[in-house]
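Chains as they are written, first to last, in the working numbering: chain A, 239 to 434; chain B, 239 to 434.
A virtual CB, placed ideally from N, CA and C, is assigned to each residue, including glycine.
Heads up, the thing below is written out as C-alpha cells.
Structure, rendered in C-alpha cells:
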C-alpha cells in the first residue's frame, strides 16, 4: 500500500529515532499509519484548526479584511485567521491572529462559524468580534487592511471559501439582528469541488 | 534553549530527511519550532481535536456513557469521543466514535460544547445526539456501555473534566428545554489545576 491510498501527508523517517517508517495498520486500529518498526512509535496525523475573527465596526457596519502578503492566495482578501498554536485556547488564537495580521484589538463575542474542510484536513472557526478602535495596521502577513460595508466586499477576490461563506452568513444574520434576532452559530462542510 | 521552554512535544529527527532537527525561531516567526538545517523543513505542532457525542434516549431522559478499557483513565466513565481523523468532518468524527466505542447509531443535533484544554494542546467538541435504538454494545475500547439518568451519573468516576462539565451543562439545559428553551452552545476553558 502507498501513501496515495491514504489521507496521510508523506513521512519518511521516524522523528523519535531517525529510522525509516513503514505504512501499515497497527494492531487494534483500522487505518494506515506511519509506524516505526525500530522503536515502535506510531505517528498519528490529525486535522489542524484555523481560527480567526470577524472584526466588526458597529458605527457604520463595516467588517475588517486583510489582503494576503503570503501564499496561498497572495493578494486575495481574508478575515484575519491562522493556525491555532499549542498551549492557547481558540479565543486566544482568534485574538492573536487578529492582532498579528491586522494590528487590531477586539472584544470576542462568541463563536459564529465552524467550517469543516475535510479534503485539506482542516477545521476553521470564526468568532464574532467588536473592533475596539480604528487604529489598525497591516502586519507582516498582510499587504493592506481595510474596512468594508457589505456592498463593498470584493467577493470575487476573497481568498478562501470558508471566509466568503462566513461573511455571507454574517451579513445575513446582521439583517436578522437589526430585527431583534440573536446572531446564530453556523456549521458548514466545504467539500472539494469535483468536475461532474 | 531547550524543549522544556516550549509547548512542543520532543522531536529528534527530521521526518522528511532523517537528519537531526534543531530548536529555533525561524525567520518571520516568533515561536520556537523544530527545524531541519539539512533540508529546511519547519515541523509545526498544533492542537488536536477530540470529538464526541452526548447520546440521549429521550423516552426516559438517559445519556449513554462508556467505561474506558484503555488508558488514560482505564475503568472511568466517558462520553463516546476520540481524536478526529484526517479527511473527516467533526460530525463524521462524532458519529464514528459513537459507533466504534458504543456500537450506537445516532442522529446528530448540533454542537453543544467546545472545551479548550490548552495545557494538553487539545480542543474537545461534543454534539447533542438522539440515540436511534437501544441496540448498543461496548466496542474494543470500552469495558461496558450503559444509559444513565441524571441522578445515576457516577460523577466521582467520570474520566475527564471536559466530559463532566459537558454532562452538567447538558442536564441544566435539559431542564430549561422542558420549559421551552432551546439547548445552548457552551464554550469552556479547562485550565490545569495548580497548587496554590
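Among the options, nearest to residue i - alpha-carbon criterion
i	options	result
residue 359(B)	250(B), 429(B), 255(B)	429(B)
residue 299(A)	425(A), 415(A), 308(A), 426(A)	415(A)
residue 313(B)	345(B), 392(B), 419(B), 431(B)	392(B)
residue 341(B)	419(B), 246(B), 369(B)	369(B)
residue 375(A)	400(A), 343(A), 333(A), 353(A)	343(A)
residue 397(A)	334(A), 413(A), 419(A), 320(A)	320(A)
Span separating the alpha-carbon of residue i from that of residue j
i	j	result
residue 357(A)	residue 251(A)	24 Å
residue 266(A)	residue 373(B)	23 Å
residue 417(A)	residue 403(A)	22 Å
residue 395(A)	residue 371(A)	26 Å
residue 385(A)	residue 307(A)	17 Å
residue 336(A)	residue 290(A)	7 Å
residue 355(A)	residue 382(B)	34 Å
residue 426(B)	residue 274(A)	37 Å
residue 328(A)	residue 347(A)	13 Å
residue 345(B)	residue 294(B)	10 Å
residue 244(A)	residue 390(A)	42 Å
residue 353(A)	residue 400(A)	6 Å
residue 260(B)	residue 278(B)	11 Å
residue 315(B)	residue 288(B)	16 Å
residue 334(B)	residue 284(B)	23 Å
residue 310(B)	residue 296(B)	31 Å
residue 362(B)	residue 413(A)	32 Å
residue 246(A)	residue 431(B)	35 Å
residue 325(B)	residue 326(A)	24 Å
residue 253(B)	residue 253(A)	5 Å
Neighbourhood of residue i by C-beta distance below 6 Å, restricted to the same chain and skipping five residues each side
i	result
residue 339(B)	304, 318, 377, 379, 380
residue 276(B)	255, 257
residue 448(A)	What the structure shows of chain A is the stretch from 239 to 434, and residue 448(A) is not part of that stretch, so it cannot be assessed.
Residues near residue i in its chain [Cβ-Cβ closer than 7 Å; skip 5 each side]
i	result
residue 411(B)	421, 422
residue 409(A)	388
residue 407(A)	351, 424
residue 323(A)	331
residue 282(B)	271
residue 286(B)	321, 359, 360
Same chain, Cβ closer than 8 Å to residue i, neighbours up to 5 away in sequence not counted
i	result
residue 292(A)	301, 317, 350, 364, 365, 366, 367, 404, 405, 408
residue 263(B)	269, 270, 271
residue 419(A)	411
* Mind pulling the beta strand (DSSP E) runs of 3 or more residues that sit fully within the stretch 304-341 of chain B? -> 319-321
* Asked: Which parts of the stretch 351-390 of chain A are runs of the beta strand (DSSP E), unbroken and 3 residues or longer, counting only runs that do not cross its ends?
  -> 360-369, 380-386
* Going along the stretch 362-380 of chain B in order, which residues come within less than 7 Å of chain A, judged by CB to CB distance? -> 378
* If contact means a Cβ-Cβ distance below 9 Å, which residues of the stretch 255-286 of chain A contact chain B? -> 255, 256, 257, 258, 259, 266, 268, 269, 272, 281, 282, 283, 284, 285, 286
* To do: Using a Cβ-Cβ cut-off of less than 7 Å, give me the residues of the stretch 324-345 of chain A that come near chain B, in sequence order.
  => 324, 325, 326, 327, 328
* Length at least 3, wholly inside the stretch 252-296 of chain B: the beta strand (DSSP E) runs in chain order -> 260-262, 271-273, 286-295
* Against chain B: residues of the stretch 404-430 of chain A by CB proximity under 8 Å -> 423, 425, 427
* To do: Please specify which runs of the beta strand (DSSP E), each continuous and at least 3 residues long, are wholly inside the stretch 404-429 of chain A, giving them in chain order.
  => 424-427
* Below 9 Å between beta carbons is the criterion; list the residues of the stretch 244-255 of chain A that meet it against any residue of chain B, in chain order. => 244, 245, 246, 247, 248, 249, 250, 251, 252, 253, 254, 255
* Under 7 Å (Cβ pairs) to chain A, residues found in the stretch 284-311 of chain B -> 284, 285, 286, 287
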